[in-house]
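Visitor: Note that our numbering has the sequence shown beginning at 146, numbered continuously upward.
Backbone N, C-alpha and C define an ideal beta-carbon position, used for all residues, glycine too.
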Amino acid sequence: MSTSIWIVLVVLALLVGGVAGFFLARRSMESYLKKNPPISEEMMKSMMTSMGQKPSQKKLNQMMAQMKNNTQTK
């Protein structure tokens, strides 16, 4: 085989590997974030307490629902 065919094959393999790696990493990151959300209800509660607010369960539920809606629309 000539050198130009090898170069084309190497470039093609790099492109296919890069695209496949991107989608595989994206999929695994999305599943990780679904299982382990970045902010839990307890973290939100302690954050509100440290800001001087008394967090009610209704307010916590509203904020968690709002965060969930924001992540689903993106």
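Rounded to the nearest angstrom, what separates Glu-175 and Gln-211 at their Cα positions?
Guide: Looking at the two C-alpha atoms, the distance is approximately 19 Å.
Visitor: Reducing DSSP to helix, strand and coil, say where Gly-163 ends up.
Guide: Helix, per DSSP.
Visitor: If you follow the alpha helix (DSSP H) that Ser-191 is part of, which residue opens it and which one closes it?
Guide: Counting along the chain, the alpha helix (DSSP H) containing Ser-191 begins and ends at 186-195.
Visitor: Going by C-alpha distance, which of Asn-206, Ser-173 and Lys-179 is nearest Met-189?
Guide: Looking at the Cα atoms, Asn-206 is the closest of the given residues.
Visitor: Tell me whether Ser-147 sits in a helix, a strand or coil according to DSSP, three-state version.
Guide: Coil.
Visitor: Please say whether Pro-200 and Met-193 have beta carbons closer to each other than 8 Å?
Guide: Going by C-beta atoms, Met-193 is nearer than 8 Å to Pro-200.
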